[in-house]
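Chemist:
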Amino acid sequence: MAYITYNPNPDGHDTGDCVIRGLCLLLDSEWEKIYMDLTLKGLQMSMWGDTNAVWESFLREKGYKREAIPNTCPDCYTIAAFAADHPEGKYLVATGTHVVAVCDGNYYDSWDSGHLIPSYYYFKEDDAA
0 MAYITYNPNP DGHDTGDCVI RGLCLLLDSE WEKIYMDLTL KGLQMSMWGD
50 TNAVWESFLR EKGYKREAIP NTCPDCYTIA AFAADHPEGK YLVATGTHVV
100 AVCDGNYYDS WDSGHLIPSY YYFKEDDAA
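Each residue of the sequence shown is one higher than the last, beginning at 0 in numbering that gives the first Met the number 0.
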């Protein structure tokens, strides 16, 4: 269970597209496809594609469910701890300002975001343990 460097951005950019990077791993898709899918969804909703309402609607349409992180230790439960607690399955974990993919107990990002505090996550029944 560890941090794994992951950046599917074709130009190696690592800011402003965290939801696209996370969705690439979650959905096993190319960066450009996710970018265009969210752009079209955003156009339908009259919002930017990386707006929470847009990407969350996009995931719900694909059968994903949202689950809140219990507020038992709001300052100590980290993305790294979430990953360790979820050794199987695929998840998209959100903080107030960042989105990270977790797959089979590892968290994937362009930088080590394991210290961040998650608020909620998305999962699909057949992708989760």
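For each residue, glycine too, the CB sits at the ideal point set by N, CA and C.
(1) Report yes or no: do three or more beta-carbon pairs, one from the segment 101 to 118 and one from the segment 75 to 82, lie closer than 8 Å?
(2) Here's a check: name, in chain order, each residue in its chain whose Cβ is nearer than 8 Å to the Cβ of residue 64, leaving out the five neighbours to either side.
(3) Hey, residue 98 and residue 18: beta-carbon distance below 8 Å or not?
(4) Applying the 10 Å Cβ sphere with the 16-neighbour rule, what's the burial state of residue 20?
(5) Straight-line CA distance for residue 7 to residue 34?
(6) If you scan the segment 36 to 81 from start to end, which runs of the beta strand (DSSP E) of 3 or more residues do you find wholly inside it?
(7) For residue 91, which residues does DSSP report across the bridge?
(8) Could you tell me the distance, in whole angstroms, from the CA atom of residue 22 to the CA atom of residue 100?
(9) Would you tell me roughly how many angstroms separate the C-alpha atoms of residue 57 and residue 86, rounded to the nearest one?
(10) Does DSSP put residue 84 in a helix, a strand or coil?
(11) Give the DSSP-derived three-state secondary structure of residue 34 in the structure shown.
Modeler: Based on what the coordinates show:
(1) By the criterion of at least three beta-carbon pairs nearer than 8 Å, the segment 101 to 118 is in contact with the segment 75 to 82.
(2) These residues qualify, in order along the chain: 121, 122, 123 and 124.
(3) Yes, Cβ-Cβ distance for residue 98 and residue 18 is below 8 Å.
(4) In the assembly as shown, residue 20 is a buried residue. Its beta-carbon has 16 or more other beta-carbons within 10 Å.
(5) Put simply, the backbone Cα of residue 7 is about 11 Å away from that of residue 34.
(6) Taking only runs of at least 3 residues, the beta strand (DSSP E) segments lying wholly in the segment 36 to 81 are 64 to 67.
(7) According to DSSP, residue 91 bridges with 100 and 121.
(8) If you take the alpha carbons of residue 22 and residue 100, they lie about 7 Å apart.
(9) One C-alpha to the other measures close to 25 Å.
(10) DSSP places residue 84 in helix when its eight states are reduced to three.
(11) Of the three classes helix, strand and coil, the one that applies to residue 34 here is helix, per DSSP.
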